[in-house]
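Below is one structure; the comments refer to it alone.
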Amino acid sequence: MSPDLAGLFSYFMIFIILLFICGAYCIAATFNMVRAMIGLELLIKAATLLIILAGYLCGRSALAQAIVITLIVIEIVVMVVAGGIILWAFRHNESIDPRKLSNLKG
Amino acid sequence: MTSLFIFAPFFLLVIINFPLGFLKGRCAFCLAASLLLAQVLLAAFHPWLFWSAYPDCLRQFFGFPLAVDNLALIMLFVIGIVALVSLLTAQDTLAGEKQKFNFINLLLVALIGMNATVLVTDIFSLYVFIEVTAMASFILIALEKGKFAIEGAFKYLMLSAIASVFMLTSVAFLLLTAGDISFAAVHHVLTNVPGSFFLKLAVGLFLCGLLIKSGVVPFHGWLPDAYSAAPSCVSVLLAGTVTKISGVYILLRLFSSVFTLTPALQNVLLFAGAISIVFAALAALTQDDFKRMLAYSSISQVGYIILALGCGTPLAFVGAVFHFFNHAIFKTLLFVNAASLEKRFGTTDINQLEGLGEKCPVTSVTSLVAMLSTAGIPPLSGFWSKLIIVMALFSKGRFIYAGTALIASIITLAYFLSLERRIFFNKGKPAPAAGGTATQISRGLNPAKNFSGIACAEILLAVFTIAGGLGYAFMLNTWFLPLKAIWH
Amino acid sequence: MLINLILLFVLLSAAVWTVMTTRLIRSIVGLAFTSAVLAAVIYRLNSPLAAVFELSVCAGLIPVIFITTVSFTHRISKEELPVARKERLVRFRYLPFIIIAAGLVLSWCFKIPQFNLPAAGPKEDVRNIIWYLRHLDLLGQIVILLAGAFGVVVLFKEDK
């Protein structure tokens, strides 16, 4: 690996790790189901960037783009279904606070 | 023609959703049932000609990069059986034509996802179809939109999505180091460049994602909730195939023919397996709900499969797949029993069901067969797979893990026998909450309606369990021992 | 190089703002902005088609889904807002410090382990890859969109 690419890789990697921390913190600290989904979105964004970066570094940008396009389509469907589930959780509890989901014990 | 396993359900899905009135309801059920039956028969009596024959004109459209081997055939068989049983159960338990129709649609989507998961040869396609299966199962759990079901679905969605972030990160690192993400390319790189940090990281991340998906103990939080809150026909599907295919099967596939099993990974798998076996068996002892107890028992049995995989010998791998097969059959049977009780008496709470089992003889007998098989009592199928696993562990010198597996079998027997005694054998003793139970019976018990579908499914699965136990030598020789060739 | 760094800084600060802000609507807008910046980064990494998708779908469609969901649920009132803000601050105040600390530590001691990149092949076209190499994924996309459609039918309809 040339030093140029190695430098690019290392500073992108640092930002991707920070983005992962951001999303994980959001999921861990929130009491709101919508916000948990937002945290999840941030995690998926970080993964997207990582895949594109990997494709760029190993010269397979085309493959990485094909993967990311499929990934984005899946992401939308996950968010739509999650939206429907959150809606029903709100109808049952009048709240989107997952602390109120205490009916089930892990 | 392997791609027919993906295309046939897809076309059926399109056909039954065509805006023609007569295709809904009964007709859709018959079409779906015959499709599943065809899949079971094709997988059981595989004419090899069928897999390789390809008219040239079709190759252009159906020439997907799919591969079929013995492991895939066994999985296709299991998927077909369990989906068929779930469909039969749904006919008796779901209320309303609309609900049943939605169930058939989503079952077909899940079927496409699972069949493709079994057949793909590429890590990202694998991820795509796991996600298809998972999506169908989130919606199926929330099908009746009850309070608990919605919560179970949300928990499952959240953890499943976190698991898929792990897998995507792993895909990125594999792409970075291998330059391609097909099984062959990844396997090539893993055998030629064993020491690379990013490869180790990728394998570790993928393993984490799969352990979450299969509900092994440190990550098991979502599983009992999802199983017990889902409609009963859906818990049959979830317990029998969905979580097994999208977690455990992929572990088996990847660690047998794609990733290399290093000693460190072996230890991780052995430890995770042993912990799940013991912890989940102990947790099952304390449950008061039939379906929750079955869910914990399911985690415990998955532990056996992971333990066998961690042992890392061809014989242990055969044992793992054999136990996977047996577990799918008998755990499905137990969930069908739970569905039958829930339908008749309106509850799955063991305290309320006390002494009611004698009213349904078929459920009572078949559940006894399934429970004894789960606990590993000799003539039944569960015994032979556990025996192979324990033998493989002994011959590798893993005595502590073998002992754990044996002791946990006794705990399994304990919780199932106590359950059996309370529900099915408890004749003389009057039920504790007499008033409540009486109303439950009058509300739930409906003698005019016969549960032919459920009874059919129960008898079919019980026959499989007994036949698998008596004819184990035949099954091992024809189906399972050839799997040794897949192991590396 | 410098442009990349600036874009990444903007991306990260948008993400932190998305997590920190109190109103859900603002958080969703922050997410959309994060996506837009990410699209620019992806474009600079030689992947224009994926950037288009990221921009139109993730920055355009997903906020719409989120806003639809939020608009059906309960909105926080003016009186509750300061209380909620205070409560959130307690839980979320650590994030910027964690990010800054982790960033400093990583930039100080993060070393990429040396490894060999796979040999670069001939130049490929995305369209060929999608249609001839990854057509199984396309089928997967169609099926998952169907699943999403059934999800909408089942979940977004109120019975009775």
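Chains as they are written, first to last, in the working numbering: chain A, -4 to 101; chain B, 20 to 507; chain C, 34 to 193. Heads up, the beta-carbon is just placed ideally off N, CA and C, and yes, glycines get one too.
Between Ser275/B and Ile505/B, the CB-CB gap stays under 8 Å.
At least 8 Å separates the beta-carbon of Asp170/C from that of Val128/B. Within the same chain, Ala327, Ser404, Ile407, Ile408, Ala411 come within 7 Å of Gly338/B by CB-CB distance, once the 5 residues on both sides are set aside. Its chain contains Thr140 as the residues whose beta carbon lies nearer than 8 Å to that of Ala203/B, once the 5 sequence neighbours on both sides are disregarded; these appear in chain order. Phe148, Asn149, Leu150, Pro151, Ala152, Ala153, Gly154, Leu166, Arg167, His168, Leu169, Asp170, Leu172, Gly173, Gln174, Ile175, Val176, Ile177: these are the residues of the segment 148 to 178 of chain C whose beta carbon lies less than 9 Å from some beta carbon of chain B, given in chain order.
For Lys119/B, the enclosing alpha helix (DSSP H) stretches over residues 116 to 138. A Cβ-Cβ separation of about 6 Å places Ile169/B in contact with Ile80/A under the 8 Å criterion. DSSP, read as helix, strand or coil, puts Leu399/B in coil. Closest option to Leu432/B, judged by alpha-carbon separation, among Phe96/B, Lys415/B, Pro397/B: Pro397/B. Ser189/B is positioned such that its CB atom lies no closer than 8 Å to that of Leu230/B.
Within chain A, no residue has its beta carbon less than 9 Å from that of Ala134/C; the closest one is some 10 Å off.
For the pair Ser22/B and Ala69/C, the Cα-to-Cα distance works out to about 38 Å. Of the other Cβ atoms in all chains shown, fewer than 16 fall within 10 Å of the Cβ of Glu377/B; this residue is therefore exposed.
Using a Cβ-Cβ cut-off of 8 Å, Lys350/B does not count as an interface residue toward chain A, since no Cβ of chain A sits closer than that to its own. Counting along the chain, Val185/C sits inside the alpha helix (DSSP H) bounded by residues 168 to 188.
Phe4/A is a Cβ neighbour of Ile145/C, given a cutoff of 8 Å. Annotation for Ala303/B: Met312, Tyr315, Ser316, Tyr434 place their beta carbon closer than 6 Å to its own, counting only its chain and skipping 5 residues before and after. Under a criterion of Cβ atoms nearer than 8 Å, the residues of chain A adjacent to Thr106/C are, in order, Val29, Ile81, Leu82, Phe85, Ile91.
Using a Cβ distance threshold of 8 Å, Leu256/B and Val355/B do not count as a contacting pair. Nearest CB-CB separation between Phe125/C and chain B: not below the 8 Å threshold. DSSP places Ile325/B inside the alpha helix (DSSP H), whose first and last residues are 309 to 330.
According to the DSSP assignment, Tyr491/B belongs to the alpha helix (DSSP H) that extends over 491 to 494. In this structure, DSSP gives Asp158/C a state outside helix and strand, which the three-state scheme calls coil. For Leu150/C, the three-state secondary structure derived from DSSP is coil.
Annotated three-state conformation of Asp111/B is helix, per DSSP. Exclusion of the five residues before and after Val267/B leaves Ser233, Val321, Ile324, Phe343 as the residues of its chain whose Cβ lies within less than 7 Å of its Cβ. What Ala24/A touches in chain C, judged by beta-carbon distance under 7 Å, is Arg124, Phe125, going in chain order. Its Cα nearest to that of Leu103/B, the residue Leu54/B stands out among Phe336/B, Ala424/B, Leu54/B, Val137/B.
Under the three-pair Cβ rule at 8 Å, the segment 479 to 496 of chain B counts as touching the segment 381 to 400 of chain B. At the C-beta level, Pro155/C and Gly198/B stay beyond 8 Å of one another. Following the DSSP letters along the chain, one finds Glu70/A inside the alpha helix (DSSP H) bounded by residues 56 to 88. When CB distances to chain B are screened at a threshold of 9 Å, not a single residue of the segment 67 to 98 of chain C falls below it.
For Ala42/A, no Cβ of chain C is located within less than 8 Å of the residue's own Cβ. Against chain C, the CB of Glu150/B has a partner CB under 8 Å away; the residue lies at that interface.
Between the C-alpha atoms of Ile131/B and Ile25/B there is a straight-line separation of about 5 Å.
According to DSSP, Leu85/B shares a beta bridge with Val139/B.
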